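Residue numbers (this note's numbering): 206 to 817.
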């Protein structure tokens, strides 16, 4: 009887334990190599610096809540580059003492992708998990991180080949090569990733780039061919990348990872069954995902500054050209000037050259354009610098040749190249200043032939002098007093008339210039620069060629406009000149129109008040 009671108590306790929710926490890595330590003979986990490691972490609970992961407990010495999360549930029904009970199990899966940042021993975990008030811990993982040498690459390849031959599976190998190992900061070089494929059953390849904080990388293209290696034919896919080092010092290009798909064993052995079960219609169920990891490459990146060399660029440049959109222009007419630098080098870090111009010229930076085709056979490209220049005086002018100073990476010495000089023919101003409406038309380039003929007809055909009689002189006659009084009153009446004329007609003139400028803004594609030049010309009754940056600044300053506003407006005028050539810096038409209307209102109000 006593034994029966003890057996019943033990059975009830066992059932209560089995019915209690289980909490299983496991941490397992992938992307590592298990090898034997030559000194201790123990099996150790080996990872390569820069190569990604996936940490698969799973938590099984009785459904009492969502686990809270404490990521800080993972440790340090690596960077987390990816996080994934998933969950699943299952239930188990059982009968205990005649009663039906349901056990629910929730499984949470977390996948962390980490990249080791240094060489040496790396300890990951134990990872802590909070479930309610309880804190659970996983197992810890010890990994030895090392640089992947050529010996490691060959050993891993041989192991992969032997494994694939036994299983009769296709496999891939990866190799990383660079065109230069001793480079300078900003010097582009080509990195080639070669993927060797054995067999034709590989369904898909995907390249995963490592974390490259010290490099800028851009894909150039790829090429496919077949090669015979050790009597075995491989399909070789070469992917090329243009890489630019950003920091000096010893830099490491971490291994590239190639993921690929091969048919699973069941799929190869029974294609008929695969078709009947329609597994090909449901994702990649008939394939196995594998990966190939390339070698790493060490680079010695130097800095020109430490060598005492100051250069505008670094690379191999073939030519430096300069041209303008015209060689004949009017005074202060905008001329587009282009500098073109052709070759291969650090285009992204080359600023716009400072133009060597005659002292009288004005110049504005317009835009910069880089044309560097992403081709498999990298040949460099062209960088274009666009400017807007103006000449305020007529005559024959020369734009001197421009210089570009760079460091040649092939000869390892500084060099300089020059453009050709350009001759300009700048035509002078008109003799008579036109009216307000004609000034706006001339600014917009719409002056009619009749208007110009009218101007010519008003020009004096000659200058006539009053001839004096050399034989004698007439006696001075006495001037009547009323004529003398009239002569004294004439200046007074003339001054009053001019004051009344300005009072009545000048505001109308200003208003017409303002309204005409607003009307020009309503066009589909207004020329903002010429609108403002025309406004100032009509506003002050001068020719458009006299409206320069200095003229505008002086007019605004004399009207009491604050210096910061003057600077802001002259910068806006420069943007308008840029926009007249379609440059991107000028902004959209809608935005420029809105700003132009605001400035016109401001100028009309401030300048009018100053003149009143």
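Each residue gets a CB set at the ideal place from its N, CA and C atoms; glycine is no exception.
All figures in this text were calculated on a predicted structure; none of them were measured in a lab.
To which residues of the same chain is residue i closer than 7 Å at the C-beta, ignoring the five residues directly before and after it?
i, result
"residue 638", "Note that residue 638 has pLDDT 37, beneath the 50 cutoff, so the model's placement of it is unreliable and the number below is only indicative. Result list for residue 638: 746, 747 and 748, in chain order."
"residue 818", "What the structure shows of the chain is the stretch from 206 to 817, and residue 818 is not part of that stretch, so it cannot be assessed."
"residue 626", "603, 604, 605 and 606"
"residue 668", "Unreliable placement is indicated for residue 668, whose pLDDT of 32 sits below 50; the coordinate value is still reported in the next sentence. Within the same chain, residue 668 has no close Cβ partners at all."
"residue 779", "569"
"residue 737", "778 and 781"
"residue 726", "736, 798, 801 and 802"
"residue 394", "383, 384, 385, 388 and 448"
"residue 608", "621 and 623"
"residue 531", "540"
Contact defined as beta carbons within less than 8 Å: I believe residue i pairs with residue j. What is the distance between those atoms, to the nearest angstrom?
i, j, result
"residue 622", "residue 588", "Rounded, the Cβ-Cβ distance is 13 Å, inconsistent with contact."
"residue 552", "residue 577", "6 Å"
"residue 519", "residue 614", "6 Å"
"residue 463", "residue 377", "6 Å"
"residue 350", "residue 332", "At roughly 19 Å, the Cβ-Cβ gap does not stay under 8 Å, so residue 350 and residue 332 are not in contact."
"residue 565", "residue 598", "6 Å"
"residue 533", "residue 630", "5 Å"
"residue 266", "residue 257", "Actually they do not touch by this definition, with Cβ atoms about 29 Å apart."
"residue 548", "residue 585", "5 Å"
Given this structure, state the Cα-to-Cα distance separating residue i from residue j, to the nearest angstrom.
i, j, result
"residue 334", "residue 360", "38 Å"
"residue 465", "residue 442", "13 Å"
"residue 596", "residue 414", "52 Å"
"residue 509", "residue 522", "17 Å"
"residue 181", "residue 743", "In the structure displayed, the chain extends from 206 to 817; residue 181 sits before or after that span and is not available."
"residue 357", "residue 524", "45 Å"
"residue 259", "residue 384", "31 Å"
"residue 431", "residue 583", "22 Å"
"residue 389", "residue 399", "25 Å"
"residue 280", "residue 557", "47 Å"
"residue 232", "residue 418", "29 Å"
"residue 764", "residue 803", "18 Å"
"residue 247", "residue 610", "59 Å"
"residue 396", "residue 438", "24 Å"
"residue 670", "residue 770", "Residue confidence for residue 670 is low, a pLDDT of 32 falling below 50, so the modelled location carries little weight; the figure read from the coordinates is stated next. Answer to the nearest angstrom: the Cα atoms are 51 Å apart."
"residue 436", "residue 342", "52 Å"
"residue 179", "residue 348", "Outside the displayed span of the chain (206 to 817) sits residue 179, for which this structure offers no information."
"residue 444", "residue 794", "42 Å"
"residue 767", "residue 808", "12 Å"
"residue 409", "residue 429", "14 Å"
"residue 339", "residue 317", "23 Å"
Looking only at its chain, what residues have a beta carbon closer than 6 Å to the beta carbon of residue i, apart from the 5 residues adjacent to it on each side?
i, result
"residue 628", "603"
"residue 805", "722"
"residue 315", "262 and 290"
"residue 423", "447"
"residue 500", "353, 358 and 381"
"residue 812", "764"
"residue 293", "312"
Just to confirm, are residue i and residue j a CB contact at a threshold of 8 Å?
i, j, result
"residue 323", "residue 346", "no"
"residue 760", "residue 740", "no"
"residue 562", "residue 568", "yes"
"residue 544", "residue 527", "yes"
"residue 313", "residue 275", "no"
"residue 467", "residue 374", "yes"
"residue 425", "residue 447", "yes"
"residue 353", "residue 492", "no"
"residue 440", "residue 402", "yes"
"residue 540", "residue 529", "yes"
"residue 775", "residue 731", "no"
"residue 287", "residue 321", "no"
"residue 459", "residue 392", "no"
"residue 284", "residue 251", "no"
"residue 762", "residue 537", "no"
"residue 542", "residue 594", "yes"
"residue 421", "residue 451", "yes"
Excluding the 5 residues flanking residue i on each side, which residues of the same chain have their C-beta closer than 8 Å to its C-beta?
i, result
"residue 618", "612"
"residue 710", "Low per-residue confidence applies at residue 710: pLDDT is 47, beneath 50, and the placement is therefore not dependable, though the value from the model is reported in the following sentence. Counting only Cβ-Cβ distances below 8 Å, and skipping sequence neighbours, we find nothing."
"residue 453", "390, 506, 507, 508 and 511"
Practice task
Within the stretch 527-596, note down every full beta strand (DSSP E) run reaching 3 residues or more, in order along the chain.
Solution key: 533-535, 540-550, 567-576 and 586-595
Problem - Complete runs of the beta strand (DSSP E) confined to the stretch 425-461 [at least 3 residues] - result: 437-450 and 454-458
Practice task
Kindly provide the ranges of any alpha helix (DSSP H) runs that are 4 or more residues long and lie completely inside the stretch 321-403, ordered along the chain.
Solution key: 355-372
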